[in-house]
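Here the structure comes first, spelled out in structure tokens, and everything after it is commentary.
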Amino acid sequence: MNLVFEHFDLYLKAFGWTLWLFLASAVASLVVGTIIAALRVGPVGTMRWAAAIYVAIVRNTPLVLWFILIAQGLPMLGITFRSVEKLHIDSYYFRACLALTLYTSTFVAEAIRSGINAVPLGQAESARAIGLTFGGTMRHVILPQAFRASVPPLASVLIALLKNTSVAYVFGVYEATTRMKYFQNIAAQDLGIFILFALGYVVLVELVSAGAYALERRWKAARA
Amino acid sequence: MRITRFKAAAVAVLLAAGLSACGNAGEDDSAGPDVEVSSGAASSFPDGSRMKEIAESGDLTIGVKFDQPGIGFKGAADDIPVGFDPEIGKILAASLGISPDKVHWKETISDNREPFLESGEVDLVIASYSITPERQKVVGQAGPYYVTGQQLLVPTDSKIDSLDDIKGMDICSVTGSTSLEQIEAKGANPRGFETYSDCVDQVLNGTVDAMTTDGAILMGYAAEHPDDLKVVVDPFSEERYGVGYSKKYPEMCQWIVDTIKKAEDDGTWATAFEDTLGKSGVDTPEPPAMDKCPA
Numbered sequence: 442m443n444l445v446f447e448h449f450d451l452y453l454k455a456f457g458w459t460l461w462l463f464l465a466s467a468v469a470s471l472v473v474g475t476i477i478a479a480l481r482v483g484p485v486g487t488m489r490w491a492a493a494i495y496v497a498i499v500r501n502t503p504l505v506l507w508f509i510l511i512a513q514g515l516p517m518l519g520i521t522f523r524s525v526e527k528l529h530i531d532s533y534y535f536r537a538c539l540a541l542t543l544y545t546s547t548f549v550a551e552a553i554r555s556g557i558n559a560v561p562l563g564q565a566e567s568a569r570a571i572g573l574t575f576g577g578t579m580r581h582v583i584l585p586q587a588f589r590a591s592v593p594p595l596a597s598v599l600i601a602l603l604k605n606t607s608v609a610y611v612f613g614v615y616e617a618t619t620r621m622k623y624f625q626n627i628a629a630q631d632l633g634i635f636i637l638f639a640l641g642y643v644v645l646v647e648l649v650s651a652g653a654y655a656l657e658r659r660w661k662a663a664r665a
Numbered sequence: 013m014r015i016t017r018f019k020a021a022a023v024a025v026l027l028a029a030g031l032s033a034c035g036n037a038g039e040d041d042s043a044g045p046d047v048e049v050s051s052g053a054a055s056s057f058p059d060g061s062r063m064k065e066i067a068e069s070g071d072l073t074i075g076v077k078f079d080q081p082g083i084g085f086k087g088a089a090d091d092i093p094v095g096f097d098p099e100i101g102k103i104l105a106a107s108l109g110i111s112p113d114k115v116h117w118k119e120t121i122s123d124n125r126e127p128f129l130e131s132g133e134v135d136l137v138i139a140s141y142s143i144t145p146e147r148q149k150v151v152g153q154a155g156p157y158y159v160t161g162q163q164l165l166v167p168t169d170s171k172i173d174s175l176d177d178i179k180g181m182d183i184c185s186v187t188g189s190t191s192l193e194q195i196e197a198k199g200a201n202p203r204g205f206e207t208y209s210d211c212v213d214q215v216l217n218g219t220v221d222a223m224t225t226d227g228a229i230l231m232g233y234a235a236e237h238p239d240d241l242k243v244v245v246d247p248f249s250e251e252r253y254g255v256g257y258s259k260k261y262p263e264m265c266q267w268i269v270d271t272i273k274k275a276e277d278d279g280t281w282a283t284a285f286e287d288t289l290g291k292s293g294v295d296t297p298e299p300p301a302m303d304k305c306p307a
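Heads up: the sequence lines are chains G and A, in that order. Each residue of the first sequence is one higher than the one before, starting from 442 at the first, in the working numbering. Each residue of the second sequence is one higher than the one before, starting from 13 at the first, in the working numbering.
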């Protein structure tokens, strides 16, 4: 345990990577997930169908499988994503974010779809009646209300994402769980190290859920 | 429709490729040197000692690696793991009057070596287990029975040929291993993977620049892919492999040291080496001198 305090910079740096994995994947998942949700409720049959298939396949498979596919399977076919290094982006980090986004976006899509379902049908009908297009209806009428209703389930999805970043520990990213293994190896499996790293995750998750709660309260007030 | 069908097929192919990455071929022949099993071994140990207890019950569990060619490897069809570590295990078992097929071989990964010893899940750990002061606070380690050092495994056309070349390079090893720590200290980007075979695949497909761990393990992989991979740089660390035992039974240390010393002197150690690690083309080294047991 003292080992972690002696090298606290390594501890912070590791959680820094965890946080970066989370932030980039969260933003990307929210964007991609919203688009998928819109496609699923949209007027184009093929798109509805494609989005439903995507969600069915990706959401029903374990995350680690997508990591294996992107970090180990694609490189075997020559797709290593190392070209992102030219943009000074770590290619391991990029592949991890890609796997996390692919996976999490399906959960985001379902959370937002549940929010869309919570918006009374009359809202959409009224929007169409005043001449808004599908895009306009979604953007100005449905999604703002849907997001509000989606905050609690989205918070759960993001919390899961934050903890899911730990899967990257065997895919070349030096995030918190990797660093925990490093300390455990030196200290010959010490319970204190485990607890310190668990605490790190608890703190980060608590920040996310506090943020979600604040957002929920604020939007509730705006509606009243 | 055509497009979606193509996509479905592409996904299936990729999934298959991803899954096939998990397999790894190892050495198939499991013929090790014949170790003479001593009979009536129990009587040669003092009463109340753990060795006597094991010899009398005939129940010995040894933790070894199952995924390191040359060191400790168990293929799907093997009954007994193969490698230098299991050979050392056979020598120790024989001195207790237990034949190799009667030993319970249990897979230990790096993370559970100490917990397994502390909980009595295994009696001995012989699993490329470097002797370190931190570990000796928690468990007993007798030896070293083998000394190796960290090196690099690179593609044959790699530009890396000295340690100065690795700054900023991506170098993989197993997550949480000492090798990964060392390479980080040398200024490279450490890339942790779950197993050595995952890591080798990453070197072969160019995702990572090099792989690092104990030279003995790397040579095994270089031997498997002689056209694609080579081992470079002089060993830059010293890993002294020891036999792990529980601190509850300090009397085991002297027995381990004496038994291995005897095997080193009578040539059993050298035979064990030639039949396992020696197959990758390295010369059989001088057996290392054993540390004294803690009083």
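Glycine included, every Cβ here is placed at the ideal spot set by N, Cα and C. These figures come from a predicted structure and were not determined experimentally.
Original post:
Does the beta carbon of Arg-203/A sit closer than 8 Å to a beta carbon anywhere in chain G?
Top reply: Your numbering for residue 203/A matches position 191 in the second sequence. Using a Cβ-Cβ cut-off of 8 Å, Arg-203/A counts as an interface residue toward chain G, since at least one Cβ of chain G sits closer than that to its own.
**OP:** Would you mind sorting Pro-484/G into buried or exposed? The rule is 16 or more other CB atoms within 10 Å of its CB.
**Re:** Within the first sequence, numbered from 1, the residue matching residue 484/G stands at position 43. Its Cβ having fewer than 16 others within 10 Å, Pro-484/G is exposed.
Original post:
Considering only the beta carbon of each residue, do Leu-289/A and Ala-234/A sit closer than 8 Å?
Top reply: For the purposes of this step, residue 289/A is identified with residue 277 of the second sequence, where counting begins at 1. For the purposes of this step, residue 234/A is identified with residue 222 of the second sequence, where counting begins at 1. Taking 8 Å as the Cβ cut-off, Leu-289/A and Ala-234/A do not qualify as a contacting pair.
Subject >> Val-220/A versus Gly-180/A: straight-line alpha-carbon distance, rounded >> reply: Against the second sequence, residue 220/A aligns to sequence position 208. Against the second sequence, residue 180/A aligns to sequence position 168. Cα to Cα, Val-220/A sits roughly 12 Å from Gly-180/A.
Original post:
How about Gly-180/A: is its C-beta nearer than 8 Å to some C-beta of chain G?
Top reply: For this step, residue 180/A is matched to residue 168 along the second sequence. Not an interface residue.
Original post:
Any idea if Thr-545/G is buried or exposed, counting beta-carbon neighbours within 10 angstroms, 16 or more meaning buried?
Top reply: Within the first sequence, numbered from 1, the residue matching residue 545/G stands at position 104. That one is buried.
Subject >> Given Asp-213/A as reference, the closest of Ile-509/G, Gly-641/G, Tyr-615/G and Ala-552/G once Cα atoms are compared >> reply: As a first step, residue 213/A is located in the second sequence; it is residue number 201 there, counting from the start. Among Ile-509/G, Gly-641/G, Tyr-615/G and Ala-552/G, the Cα nearest to that of Asp-213/A is on Ile-509/G.
Subject >> Straight-line Cα distance separating Asp-226/A from Val-646/G >> reply: Along the first sequence, one-based indexing puts residue 646/G at 205. Along the second sequence, one-based indexing puts residue 226/A at 214. So the two alpha carbons sit approximately 38 Å from each other.
**OP:** Mind checking which residues open and close the alpha helix (DSSP H) that includes Glu-263/A?
**Re:** Looking up residue 263/A in the second sequence gives position 251. Its alpha helix (DSSP H) spans residues 263-278.
Original post:
Can you give the beta carbon distance from Ala-537/G to Leu-603/G, rounded, assuming they're within the 8 Å contact cut?
Top reply: Start at 1 with the first residue of the first sequence, and residue 537/G comes out as number 96. Start at 1 with the first residue of the first sequence, and residue 603/G comes out as number 162. The C-beta distance from Ala-537/G to Leu-603/G rounds to 13 Å, too long to meet the 8 Å contact threshold.
Original post:
In angstroms, rounded to a whole number, what distance separates the CA positions of Glu-39/A and Pro-81/A?
Top reply: For the purposes of this step, residue 39/A is taken as residue 27 along the second sequence, with counting starting at 1. For the purposes of this step, residue 81/A is taken as residue 69 along the second sequence, with counting starting at 1. Low local confidence applies: a pLDDT of 41 at Glu-39/A is under 50, so the model's placement there is unreliable, and no value is given.
**OP:** Give the DSSP-derived three-state secondary structure of Asn-36/A in the structure shown.
**Re:** As a working mapping, residue 36/A is identified with position 24 in the second sequence. With a pLDDT of 43 at Asn-36/A, under the threshold of 50, the modelled position of this residue cannot be trusted, and the question is left open.
Original post:
Where do the ends of the beta strand (DSSP E) carrying Glu-119/A lie?
Top reply: As a working mapping, residue 119/A is identified with position 107 in the second sequence. Residues 116-119.
**OP:** Would you mind sorting Pro-112/A into buried or exposed? The rule is 16 or more other CB atoms within 10 Å of its CB.
**Re:** Along the second sequence, one-based indexing puts residue 112/A at 100. Pro-112/A comes out buried.
Original post:
Is Thr-545/G helix, strand or coil by DSSP?
Top reply: As a position in the first sequence, residue 545/G is number 104, starting the count at 1. Note: Thr-545/G maps to helix in three-state DSSP.
**OP:** Take Tyr-615/G and list the residues in its own chain whose beta-carbon comes closer than 7 Å to its own, dropping the five residues that flank it on each side.
**Re:** On the first sequence, residue 615/G is found 174 positions in, with the first residue counted as 1. Counting only Cβ-Cβ distances below 7 Å, and skipping sequence neighbours, we find Ala-455 and Trp-458.
Original post:
From which residue to which residue does the alpha helix (DSSP H) around Ala-67/A run?
Top reply: Looking up residue 67/A in the second sequence gives position 55. It spans 62-69 - the alpha helix (DSSP H) in which Ala-67/A sits, taken as one unbroken run.
**OP:** Tell me whether the beta-carbon of Ile-74/A lies closer than 8 Å to the beta-carbon of Val-134/A.
**Re:** To locate residue 74/A, count along the second sequence from 1; it is residue 62. To locate residue 134/A, count along the second sequence from 1; it is residue 122. Going by C-beta atoms, Ile-74/A is nearer than 8 Å to Val-134/A.
**OP:** Kindly list the residues whose CB is nearer than 7 Å to the CB of Lys-273/A, restricted to its own chain and excluding five residues on each side of it in sequence; keep chain order.
**Re:** Here residue 273/A is taken as the residue at index 261 of the second sequence, counted from 1. Result list for Lys-273/A: Met-302, in chain order.
Original post:
How is the beta strand (DSSP E) around Leu-164/A delimited, first residue to last?
Top reply: Against the second sequence, residue 164/A aligns to sequence position 152. Where Leu-164/A is concerned, the enclosing beta strand (DSSP E) stretches over 162-167.
Original post:
From the beta carbon of Gly-38/A, is the nearest beta carbon of chain G less than 8 Å away?
Top reply: Counted from its first residue, the second sequence places residue 38/A at position 26. Any reading at Gly-38/A must be qualified, since the residue scores a pLDDT of 42, below 50, and its modelled position is unreliable; the value itself is stated next. No, its Cβ sits nowhere closer than 8 Å to a Cβ of chain G.
Original post:
Just the Cα atoms here: how many angstroms apart are Ala-37/A and Gly-87/A?
Top reply: On the second sequence, position 25 is the one that residue 37/A refers to. On the second sequence, position 75 is the one that residue 87/A refers to. Caution applies to Ala-37/A, whose pLDDT of 42 falls short of 50 and renders its modelled position unreliable; the model cannot decide the point.
**OP:** Indicate the three-state DSSP secondary structure (helix, strand or coil) for Asn-201/A in the structure shown.
**Re:** Residue mapping note: residue 201/A aligns to position 189 of the second sequence, counting from 1. Here Asn-201/A sits in strand by DSSP.
Subject >> 9 Å Cβ cut-off: residues of chain G touching Asp-123/A >> reply: One-based indexing of the second sequence puts residue 123/A at position 111. The contacting residues are Lys-622, Gln-625, Asn-626 and Gln-630.
Original post:
Within the 8 Å Cβ cut-off, does Gln-586/G reach chain A?
Top reply: For this step, residue 586/G is matched to residue 145 along the first sequence. No, its Cβ sits nowhere closer than 8 Å to a Cβ of chain A.
**OP:** If I'm right that Glu-286/A touches Thr-271/A with Cβ under 8 Å, what's the distance once you round it to whole angstroms?
**Re:** Start at 1 with the first residue of the second sequence, and residue 286/A comes out as number 274. Start at 1 with the first residue of the second sequence, and residue 271/A comes out as number 259. Contact between Glu-286/A and Thr-271/A is absent: CB atoms are separated by about 19 Å, not below the 8 Å threshold.
**OP:** Using a Cβ cut-off of 7 Å, pull out every chain G residue sitting near Pro-127/A, in sequence order please.
**Re:** For the purposes of this step, residue 127/A is taken as the residue at position 115 of the second sequence. Here the neighbours are Gln-630.
Original post:
How would you call Arg-125/A, buried or exposed, if buried means at least 16 neighbouring beta carbons within 10 angstroms?
Top reply: Mapped onto the second sequence, residue 125/A falls at position 113. Looking at its Cβ environment, which holds 16 or more other Cβ atoms inside 10 Å, Arg-125/A is buried.
Original post:
Taking 8 Å as the CB-CB cut-off, is Val-611/G touching chain A?
Top reply: For the purposes of this step, residue 611/G is identified with residue 170 of the first sequence, where counting begins at 1. Yes, Val-611/G counts as interfacial toward chain A.
Original post:
Buried or exposed: which applies to Gly-572/G, given that a residue is buried once 16 or more other Cβ atoms fall within 10 Å of its Cβ?
Top reply: The residue you call residue 572/G lines up with position 131 of the first sequence. Exposed.
Subject >> Outcome for Lys-149/A when other beta-carbon atoms lying within 10 angstroms are tallied against a minimum of 16 >> reply: Here the question's residue 149/A lines up with position 137 in the second sequence. Classification of Lys-149/A: exposed, given that the 10 Å Cβ count is below 16.
**OP:** May I ask you to list, following chain order, the residues of the stretch 213-247 of chain A that have a beta carbon less than 9 Å from some beta carbon of chain G?
**Re:** Asp-213, Gln-214, Leu-216, Asn-217, Gly-218, Thr-219 and Val-220
Original post:
What separation, rounded to the nearest whole angstrom, lies between the Cα atoms of Val-649/G and Leu-595/G?
Top reply: Your numbering for residue 649/G matches position 208 in the first sequence. Your numbering for residue 595/G matches position 154 in the first sequence. C-alpha separation (whole angstroms): 11 Å.
Original post:
Hey, out of Asn-605/G, Ile-627/G, Gly-486/G and Met-579/G, whose CA is closest to His-448/G's CA?
Top reply: As a position in the first sequence, residue 448/G is number 7, starting the count at 1. Closest by alpha carbon: Ile-627/G.
Original post:
Count the other CB atoms within 10 Å of the CB of Gly-188/A; is the residue buried (16 or more) or exposed (fewer)?
Top reply: By 1-based counting over the second sequence, the position of residue 188/A is 176. Classification of Gly-188/A: buried, given that the 10 Å Cβ count is 16 or more.
Subject >> Distance, Asp-91/A Cα to Ser-42/A Cα >> reply: In the second sequence, residue 42/A corresponds to position 30, counting from 1. In the second sequence, residue 91/A corresponds to position 79, counting from 1. Any reading at Ser-42/A must be qualified, since the residue scores a pLDDT of 45, below 50, and its modelled position is unreliable; no value is offered.
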